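Reviewing the structure listed below.
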Amino acid sequence: MAAICMLSIISCKKSSDSNPGVTSNPKAASASKLALNSLTVTVASGGNIQTAIDNVAAAGGGTVNLASGTWTITSSIRLKANVTLNGAGNPNTTITSSTAMNIITTAQEGLSNLTVQNLKIVGIPTDSTSNGIWIAALGNHFKNVTISNVQVTNCGGMGIHLKRADTACVLNCNLHNNGKSVYFHNIYVRESTYITVSGNLLTGSPYGTGIHVAGVCNHLSITGNTVTGNAIAGMLIQDSPNVILIQNNTVSSNGVNHISAHGDGISFTGTNATIDSNTANSNYEGGIHTWNGSGSVTNNHASGNGINYNIHGTYTQSNNL
């Protein structure tokens, strides 16, 4: 690909430490040290996205704006600290690949202030090494990650994978037809804290779940999502997370392949949970299924499921229909 970039400095001011969608983490502001400079690079159609990211990171941070068009990449796009990758809208800006890879990923662990927004990602549905956005650490956690208004489709691996991320949000995204086996999902969150998943459409994972949370994640907010037609559960939340809000979600027609004995709309094991005002219809097994743990199950509506409410553990229940 030709390296064609148009560079323009928009402003030089200290950026805010705020992270849209997550306000509950008292350490978020101190964990983030954003750049003094704010460089904006606009990449024309056919330009080199990685060169633009590298230039913005070297200048101390800022935004890479992608023009409308389709980029067929031959190597992963590697995010860097304090850089926002911003498309011209979903699906106006589309990134795809001819071979299986992590389409958007990171060059190293422990980065802060990573944002991907307003674009579409298309993977390879037959290959489990084809992942949409892969932000995963072995040890040094990422901080302040935002994925917003992104469509991810046809990835044989994960649509979005967040592992060891602290203060992260997935907002208003459309993930569908990702995951070619029971180990791969539209969204997978593992060993992370202060996570917000809100306003997303999570549909049609042929072998996985809409959202799978594992590995002891704490302080989760899963709200206002529509989760339908996934092979296993709509939401599979396990390994005893602590302090979690599951509210105003619609989960329907999940468990279409009822693999691994999970075909619930909402399948949950954890503590201090608030499961409130969700709608769960026509899921293969439980509409709302708590395996054990504690919290409250209130104001939900479940109908046409294998079992509408299958509640185990110490939960207060009221106003469920």
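If you want this note's numbering, it's the 1-based position in the sequence shown plus 852. In this text, a Cβ means the ideal position worked out from N, Cα and C, and glycines have one as well. The model shown is predicted, which means the values in this text are computed figures rather than measured ones.
In the structure shown, the three-state DSSP call for Ala1066 is strand. Pairing Ala909 with Ala919, the inter-Cα distance amounts to about 19 angstroms. In this structure His1013 is buried. Its beta-carbon is surrounded by 16 or more other beta-carbon atoms within 10 angstroms.
DSSP, reduced to helix, strand and coil, places Asp1018 within a strand of the structure shown. Around the Cβ of Gly899, a 10 Å sphere holds 16 or more other Cβ atoms; the residue is buried.
With 16 or more neighbouring CB atoms inside 10 Å of its own CB, Gln902 falls in the buried class. Here the C-alpha atom of His1114 lies approximately 44 angstroms from the C-alpha atom of Val895. Val968 carries a strand assignment under DSSP once its states are collapsed to helix, strand and coil. When the beta-carbon positions are compared, Gly914 and Thr945 stay at least 8 angstroms from each other. For the options Asp1116, Tyr1046, Asn1094, the alpha carbon positioned closest to that of Leu1088 is the one of Asp1116. Boundaries of the beta strand (DSSP E) harbouring Ile1096: 1094-1099, taken from the DSSP string.
If you check the CB distance, Val1022 and Asn1070 do not come in under 8 angstroms.
Sequence-distant Cβ neighbours of Pro943 in its own chain, meaning closer than 7 angstroms and more than five residues away, are Lys972, Gln1003. Within the same chain, Cβ atoms closer than 6 angstroms to the Cβ of Glu961 are found at Ala989, Asn992, the five residues on either side in sequence being excluded.
In this model, Gly941 and Thr922 are separated by some 12 angstroms (Cα to Cα).
The beta-carbon distance between Asn1101 and Val1079, rounded to whole angstroms, is 6 angstroms. This is short enough to meet the 8 angstroms contact definition.
For Val1103, DSSP records a beta bridge to Val1079, Ala1132.
Residue Thr1075 holds the alpha-carbon nearest to the alpha-carbon of Ile1096 among Asn1082, Ser1104, Asn1109, Thr1075. In this chain, the alpha helix (DSSP H) harbouring Thr903 covers 901-910. Bounds of the beta strand (DSSP E) holding Ala988 are 983-988. Asn944 carries a coil assignment under DSSP once its states are collapsed to helix, strand and coil. Counting of Cβ neighbours within 10 angstroms places Gly975 among the buried residues, the total reaching 16 or more. Sixteen is the threshold: since fewer than 16 other Cβ atoms of the shown chains lie within 10 Å of the Cβ of Leu1173, the residue is exposed.
Collapsing the DSSP output to three states places Gln1090 in coil. In the three-state reduction of the DSSP assignment, Ala959 falls in the coil class, being assigned neither a helical nor a strand state.
Exclusion of the five residues before and after Tyr1035 leaves Ser980, Gly1060 as the residues of its chain whose Cβ lies within less than 8 angstroms of its Cβ.
Here Leu931 carries a strand assignment [DSSP, helix/strand/coil].
Put simply, the backbone Cα of Ser928 is about 24 angstroms away from that of His1064.
In this structure, Tyr1040 and Asp1018 do not form a Cβ contact; the two beta carbons are roughly 16 angstroms apart against a cut-off of 8 angstroms. The beta carbon of Ser1170 sits closer than 6 angstroms to the beta carbons of Thr1150 from its chain, once the five residues preceding and following it are set aside; these are given in chain order. C-alpha of Asn1152 to C-alpha of Asn1130: approximately 5 angstroms in a straight line.
Asn934 sits away from Gln969, with the two beta carbons spaced by 8 angstroms or more.
Between Gly1145 and Thr1126, the gap from beta carbon to beta carbon reaches 8 angstroms or more. CA-CA distance, Asn996 to Ser964, rounds to 6 angstroms.
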